[in-house]
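Going by the UniProt record's numbering, the first residue of the sequence shown is number 1, and it counts up by one from there. A virtual CB, placed ideally from N, CA and C, is assigned to each residue, including glycine. These numbers were taken from a predicted model, which means no experiment stands behind them. Down below is the structure, laid out as structure tokens.
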Amino acid sequence: MTAKPLYRRVVLKASGEALMGDQHFGIDVSVVDRIASDIAEARALGVEVGVVIGGGNIFRGVAVASKGGDRVTGDHMGMLATVINSLALRTSLVKLGVDAVVLSAIAMPELCESFSQRQATAYMNEGKVVIFAGGTGNPFFTTDSAAALRAAEIGADALFKGTQVDGVYSADPKKDSTATRFEHITHAEVIAKGLSIMDTAAIALARENNIPIIVYSIHEQGGFGEILRGGGRCTVVSDT
Ligand code: UDP
1 MTAKPLYRRV VLKASGEALM GDQHFGIDVS VVDRIASDIA EARALGVEVG VVIGGGNIFR
61 GVAVASKGGD RVTGDHMGML ATVINSLALR TSLVKLGVDA VVLSAIAMPE LCESFSQRQA
121 TAYMNEGKVV IFAGGTGNPF FTTDSAAALR AAEIGADALF KGTQVDGVYS ADPKKDSTAT
181 RFEHITHAEV IAKGLSIMDT AAIALARENN IPIIVYSIHE QGGFGEILRG GGRCTVVSDT
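This is the structure we're talking about:
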């Protein structure tokens, strides 16, 4: 374990489903509060934190399209869902005394500020947690891609992908008891092996910008801080 955190500036990506807790839909505030406490711990270590939350706990565009609906409108609805989740996370962070701001890729000035790279970087330099809402602002993308994009834009040292399990496995550990966890794997290997930790566009963007992806369990309280201190359980996806 190191006294100095491993990374100075990171982006944390959590899926919308991570906010559901035991529910089948929506937001469990106690779960959001717990994720907020992990972010507060990272801030206390001096790490600058940007966050991207998905919207799958509320809406996904593909679900509409699969039933014959309009994909673009569905994706707009999905992006709005990420704004709902982002506002919930900001509320939980503020409750803990953490200065946090939501910047949306889709303008909605009554609710939050619009994203710009300049403003996001300025807020992060001030030590605010910046929550990037609205995905990329474009249909046919995902919040994984938005997280990789924002990580590149703000010069993040690492992209943390909070998942259901504690790293990247050779197969789904919930279905295959022989699945083994990688300590380290390259971006290219993740793509070649078809390991579904993030979508390919997100992994390719991270790779092009030399951003390591740290895959860990979002459900492990304190796990984020532990990894930042040089311990914890995770898989590091990097080309070095
Ligand atoms: N979405 C989009 N463009 C983006 C990001 C998200 O259209 O740049 C839409 C898309 O419909 C997606 C939904 O928002 O299904 C929720 O995002 P995502 O599926 O990535 O959420 P997660 O699976 O992480 O909860």
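Are the beta-carbon atoms of GLY225 and GLU48 separated by less than 7 Å? Their beta carbons are not under 7 Å apart, which means GLY225 does not touch GLU48 by this criterion.
Tell me whether the beta-carbon of ILE39 lies closer than 7 Å to the beta-carbon of VAL129. yes
Assuming the contact rule is C-beta atoms closer than 8 Å, THR235 and ARG150 should be a hit. Round their C-beta distance to whole Å, please. With 8 Å as the limit, THR235 and ARG150 do not qualify as a contact, their Cβ atoms being about 21 Å apart.
Taking 5 Å as the limit, name every residue whose beta carbon sits nearer than that to some heavy atom of the ligand UDP, in sequence order. SER15, GLY16, GLY54, GLY55, GLY56, ARG60, GLY61, ASP75, GLY78, MET79, GLY135, THR136, PRO139, PHE141, THR142, THR143 and ALA146
Would DSSP call THR136 helix, strand or coil? coil
Should ARG233 be counted as a contact of the ligand ZN given a C-beta to heavy atom distance under 6 Å? What this structure holds is the ligand UDP, not the ligand ZN.
Looking only at its chain, what residues have a beta carbon closer than 6 Å to the beta carbon of PHE160, apart from the 5 residues adjacent to it on each side? VAL10, LEU12 and ILE214, listed in sequence order.
C-beta contact flag for GLY134 and ILE154 at 7 Å: no
Please return the same chain residues whose Cβ sits closer than 6 Å to the Cβ of GLY74, not counting the five positions on each side in sequence. GLY61, VAL64 and ALA65
Thinking residue 293 and LEU228 are a contact (beta carbons under 8 Å), I'd like their distance in whole angstroms, please. With the chain covering 1 to 240 only, the question about residue 293 has no answer from this structure.
Identify which residue in SER15, PHE115 and VAL98 has its Cα closest to the Cα of ILE58. SER15
Inter-residue Cα distance where the pair is MET124 and GLY50: Each residue's Cα considered, the two are about 8 Å apart.
Just to confirm, are ALA171 and ALA179 a CB contact at a threshold of 7 Å? yes
Member of SER37, GLY69 and LEU96 whose CA lies at the smallest distance from the CA of GLY223: Taking GLY223 as reference, the option from SER37, GLY69 and LEU96 with the minimal CA-CA separation is SER37.
Can you check whether the CB of ILE203 is closer than 7 Å to the CB of HIS184? no
Skipping 5 residues on each side, what residues in its chain have a beta carbon closer than 6 Å to that of LEU195? Once the five neighbours on either side are set aside, the close Cβ partners of LEU195 are VAL168.
From the DSSP secondary-structure annotation, give me the bridge partner or partners of LEU103. GLU113 and PHE132
One question on the structure: do SER92 and ILE131 come within less than 7 Å of each other, judged by their Cβ atoms? no
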